[in-house]
Each structure stands twice: as structure tokens, then as C-alpha cells.
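Protein chains in written order, with our numbering: chain A, 1458 to 1589; chain B, 7 to 419.
Structure representation (C-alpha cells):
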């Protein structure tokens, strides 16, 4: 019995130490790779964003320079292209602001997607979302 | 008159061959217990997916013990066999007894004997883990990796119960199998028990799944006892979004780290993470869905019915079973309490940013334990949503219990 009790104490200590060590090690590694992945993705996103901004500026300057000035002078950017109802525009704007942060993104236009789901795609979406 | 006596003899023969003549009183008690489990599974819906197959396995094996018996070798004298099967090329092994040669002709075992081989050789639990991995979103854990501490804390109950079991007179291997009930993870409990104390498989599986079903009843009083009203009201900040790349890297990294540090946990953790990699990679949707649904369902049936078939009267109706049931409950309560206490420590360390209630979700029981954290938190503050925060420790508990299983197997196995 005394032998078993000794073994019990050994297992108690070993178990706690090993479980905590392994999981704390995982915390460190996850934090490390998460920060790496996030910083790499941010740099890629920034580069893409800058590239896209430069291209759009160049295109706008070449085609309609007056319109850009007018748009810049307006307090709120025009977001309704006439086909999307106001409530939907508000909902999309709110969702975009939540994801990208307040004031960091300017919505220039909202268009209805012309692509409609095929019957098979709709069936797939229904199958995957039915449980929710 | 002769006809009547023959008729009577035939009736007596049928009765002698029937279960009425062969069954022990303990089998009848077990049949009643299986009825109770069937009632709990169907009417009360206590873990019905597992409890129903276990109950039916228990019922079948106690009605007809032969259904779980293995194949045997029948000894047939070589001369007799050759006379009965002239010209046949015989490949059976031979045994010589008292100068007479016999063929060892194998006879087939019962269905449940063959299904049980998947439990005995530790095949079903890792396959269940494959399905669990394919269903689990580790996003909340990746966005808040500190949850791993709560997943580890909830495993302390396993090791404390180990000492309790030793004090009650169980052998070290039996104590290890009993302690793992505290991990609140059915497949892990079955896996460890099949390796350490196969004879206790029935009582331990029934205890583990019963307590998992009773999570909403067992955990809340412990959570309320160990936390203040103010702590239960704490709202936690929203978790950050986790990118697809992080989710893909997670299972690969966890597998490599755990396998290198604790090879005995590789089977469980490796399969869990393989299932998750299939889900997160998004390139093998077909097999990921199979692992989540068809494979998982088939294995659940096989696992449940074969585990139930180990619960025969002679094995189950012993004082040991009572000890296992009491120690299992103790392990479960200790796991919950340690998780909540570490939640309190994290709450203090972060200046009140962590709600200690999410600590109780560190015992696996996915997702029931996380739901309990959410429910108890909302009782104090209806606008509080702890579910996603509790899912972090909850899935960390699955990894933690697999690691704890690896520790027990490496020391006691």
C-alpha cells in the first residue's frame, strides 16, 4: 500500500508537471506563430492595398479628374448606386466598419452581384447550414 | 404414455438449453440495469448516442453470454475427421493427447467478440477522435491560447483521483483507468482502460458517459460555490478573428510537439489533429464529412455495443463498481473545481478580464461543458455571452486529457 501511495504521489506530480509543461509550451508556440502569420498577412494586405489605391488613383486622374474633386469634397461618400435599398447599404456599411475598424475604409459603391447560385450550390449551402 | 414422457423430456431439454436454465441472478439484475439505461437514453436523452448502444450491448450479453464469447478450438480425432471428410486436404493444427492425434478445428465466436476487438486493440477511440477533430473549431483556442492553462488545470482531478483510488485498494493500473474518468472524455477513458485495466471497461465506460450526460447537473453548484457574483458577471472582450493559415498550422504543430514530447499520446492527439486538418484545409471535404458523420456513427455503434457487452453480471455487480462510480464522480468534481480555481487565478492576474466560469469547461465534454459556462454566466448577467470564450478551454481539455492519458500510459502501461 505504501509503495502504491508513493507511486500515486509520483504520478500526481509528474502528471501535473507534464500536462502543464506541454500545454504551456503549446501556448508559447501558438502565440509565436500567430503573431508571425498575422504580421506577414498584414504586410501582404498593406502592399496589396497600397497597390490597389495607387492604381485606382492613377485611373481616376486619367479619366475624370473633376469628379474625384467633387467626391472628395462631400462629407459622406456616395454609397447608393440607385439599385440597392438604403437599409441594405446601412447594414453592409456597418458590417464593413465592424470588420475593418471605424473610419478606416471608404465605401465607394455597392453593386448587386449578377452571379446567382446554381441549384446544386444552393443545395450544398442548405445542407451545410441547416443545423444552424 | 410414451409420447407424453417424450414430450416432457423435450420440454425439459429446451428449458435446460434456454437462458432460463443458464443465467445467473446477476444477469437478471444487469438486464434490469440495461432497461434503466435504455429508459435514461430514450426518455431523459442522457447521451443517447452512446448510452443506447451500451445498454443494448449490456442487455444482449446478459441474455446470451455466448454472443461475446471468442472462437474456440474443437479437438476432433484425426481418424474420425478423415472418415467424415474423405479426400479433403486438412490444414488444421494437430495436437497429440495420450498417443491419439487430434485436429484443432476452430469454431467461430459471437458477433460482439469480434466487434470488441476494436476496443481491445485501441482502434475505436482514436477513430472517434478523428471524427471529433473533423468537427472541432480550434479558432477560440488559437485566438486565446491562454485557454490551454484552464484545459490543463481541469486534468488535475485525474491525478488526485488516482491517489484516492490507491487509498481505496485499487491497483495502480486500475487507479489510472479510474482517474481518467475525470477527463470527461469517453473515448480517452475507454482507450486508457483498455490498455491498463481491461476488466473494468464496462463500469468505467458507463460511469464516464453517465457523468458526461450529467454535466449540467454536476457542474453548476461547484461553479457557484467557488465564484462570487461579481466574478460571474464579468464580460469578456471579443475574440480576434483567426486566419485560415493559423487554423491549418495548428493541428500540424500540436501533433509534432505532443508526439515528440509524449509518444504515448500520439495516437489520440494525432488522429484528433488529422481530423481537424482535413476540416481546416478545405481540400478534402468529402472525407472530412465522412469522418464527421458516417465513420463516427459506425464507430459509435460498434464502440457502444461492444463496451456494453463487457458489463456482465459477474464483472459489474461487485463492490469495485461502487468504488468506480464514487471515484468517477469525485474525479469529475475535482476537475471542474480545479478549472474554476485556475479561472479565478487568471481573473486576478488579468485584472478581472477573465470570467472564472470558463474554467469549468476545461473538462472535455465538448460542447456541453462550454454551454454550462454560458448558462451559469447568463443567470447573473443576461447580456453576457461566454460560449465562444468557454469553447477555448473546452477544446484545450480534449488535448489536455489526451496528454494526461499519455502520461498515465507511459508510467503505468
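Using N, Cα and C, we set each Cβ at its ideal position, and we do this for glycine too.
Just the Cα atoms here: how many angstroms apart are residue i and residue j?
| i | j | result |
| --- | --- | --- |
| residue 256 of chain B | residue 287 of chain B | 11 Å |
| residue 1497 of chain A | residue 151 of chain B | 20 Å |
| residue 191 of chain B | residue 328 of chain B | 20 Å |
| residue 291 of chain B | residue 284 of chain B | 7 Å |
| residue 1549 of chain A | residue 1472 of chain A | 51 Å |
| residue 1560 of chain A | residue 49 of chain B | 55 Å |
| residue 1490 of chain A | residue 349 of chain B | 25 Å |
| residue 1519 of chain A | residue 1512 of chain A | 11 Å |
| residue 105 of chain B | residue 33 of chain B | 42 Å |
| residue 307 of chain B | residue 335 of chain B | 25 Å |
| residue 22 of chain B | residue 37 of chain B | 20 Å |
| residue 51 of chain B | residue 86 of chain B | 57 Å |
| residue 1569 of chain A | residue 1541 of chain A | 7 Å |
| residue 353 of chain B | residue 362 of chain B | 6 Å |
| residue 1480 of chain A | residue 408 of chain B | 11 Å |
| residue 80 of chain B | residue 273 of chain B | 38 Å |
| residue 276 of chain B | residue 141 of chain B | 15 Å |
| residue 1464 of chain A | residue 342 of chain B | 24 Å |
| residue 414 of chain B | residue 366 of chain B | 22 Å |
| residue 195 of chain B | residue 183 of chain B | 7 Å |
| residue 112 of chain B | residue 72 of chain B | 16 Å |
| residue 262 of chain B | residue 270 of chain B | 13 Å |
| residue 1531 of chain A | residue 1516 of chain A | With a pLDDT of only 48 at residue 1531 of chain A, under 50, the local geometry of the prediction cannot be trusted, and no value is derived from it. |
| residue 19 of chain B | residue 11 of chain B | 12 Å |
| residue 382 of chain B | residue 204 of chain B | 37 Å |
| residue 1524 of chain A | residue 1563 of chain A | Bear in mind that a pLDDT of 45 at residue 1524 of chain A, under 50, signals an unreliable position, so the model cannot answer this. |
| residue 374 of chain B | residue 1505 of chain A | 43 Å |
Taking the DSSP output, what are the residues bridged to residue i?
| i | result |
| --- | --- |
| residue 296 of chain B | BP columns for residue 296 of chain B are empty, so no partner. |
| residue 82 of chain B | B:109 |
Using a Cβ cut-off of 8 Å, pull out every chain B residue sitting near residue i, in sequence order please.
| i | result |
| --- | --- |
| residue 1498 of chain A | 249, 251 |
| residue 1486 of chain A | 259, 263 |
Check whether the Cβ of residue i lies closer than 8 Å to any Cβ atom in chain A.
| i | result |
| --- | --- |
| residue 161 of chain B | yes |
| residue 183 of chain B | no |
| residue 112 of chain B | no |
| residue 402 of chain B | yes |
| residue 349 of chain B | no |
| residue 151 of chain B | yes |
| residue 417 of chain B | yes |
| residue 20 of chain B | no |
| residue 329 of chain B | no |
| residue 391 of chain B | no |
| residue 220 of chain B | no |
| residue 103 of chain B | no |
| residue 172 of chain B | yes |
| residue 133 of chain B | no |
| residue 336 of chain B | no |
| residue 29 of chain B | no |
| residue 280 of chain B | no |
Mind pulling the chain A residues with CB within less than 7 Å of residue i?
| i | result |
| --- | --- |
| residue 157 of chain B | 1480 |
| residue 410 of chain B | 1472, 1476 |
| residue 178 of chain B | 1461, 1464 |
| residue 388 of chain B | By Cβ distance, chain A contributes nothing, its closest Cβ being about 22 Å from residue 388 of chain B, past 7 Å. |
| residue 165 of chain B | 1468, 1469, 1472, 1473 |
| residue 422 of chain B | Nothing can be reported for residue 422 of chain B, as the shown portion of chain B is limited to 7 through 419. |
| residue 406 of chain B | 1476, 1480 |
| residue 168 of chain B | 1465, 1468, 1469 |
In terms of residues, what are the limits of the beta strand (DSSP E) holding residue i?
| i | result |
| --- | --- |
| residue 101 of chain B | 99-103 |
At which residues does the alpha helix (DSSP H) containing residue i begin and terminate?
| i | result |
| --- | --- |
| residue 395 of chain B | 393-418 |
| residue 303 of chain B | 302-314 |
| residue 341 of chain B | 325-355 |
| residue 23 of chain B | 8-23 |
| residue 220 of chain B | Counting along the chain, residue 220 of chain B falls outside any alpha helix (DSSP H), and DSSP gives it neither H nor E. |
| residue 262 of chain B | 250-267 |
| residue 439 of chain B | With chain B covering only 7 through 419, there is no way to say anything about residue 439 of chain B. |
| residue 148 of chain B | 145-149 |
| residue 119 of chain B | 117-126 |
| residue 1557 of chain A | 1543-1557 |
| residue 246 of chain B | Unbroken run through residue 246 of chain B: none, as it is neither H nor E. |
| residue 201 of chain B | 192-202 |
For chain B, find out if any of its Cβ atoms is closer than 8 Å to the Cβ of residue i; answer yes or no.
| i | result |
| --- | --- |
| residue 1492 of chain A | no |
| residue 1530 of chain A | Per-residue confidence for residue 1530 of chain A stands at a pLDDT of 45, beneath the threshold of 50, marking its modelled position as unreliable; the derived number appears in the next sentence. No, no contact with chain B. |
Run through chain A and tell me which residues come within less than 9 Å of residue i, C-beta to C-beta.
| i | result |
| --- | --- |
| residue 5 of chain B | For chain B, the structure presents residues 7 to 419; residue 5 of chain B sits outside this window and is missing. |
| residue 196 of chain B | Ordered by position in chain A, no residue passes the 9 Å Cβ test against residue 196 of chain B, which lies about 19 Å from the chain. |
| residue 267 of chain B | 1475, 1478, 1479, 1482 |
Run through chain A and tell me which residues come within less than 8 Å of residue i, C-beta to C-beta.
| i | result |
| --- | --- |
| residue 413 of chain B | 1468, 1471, 1472, 1475, 1476 |
| residue 256 of chain B | 1487 |
| residue 148 of chain B | 1487, 1491 |
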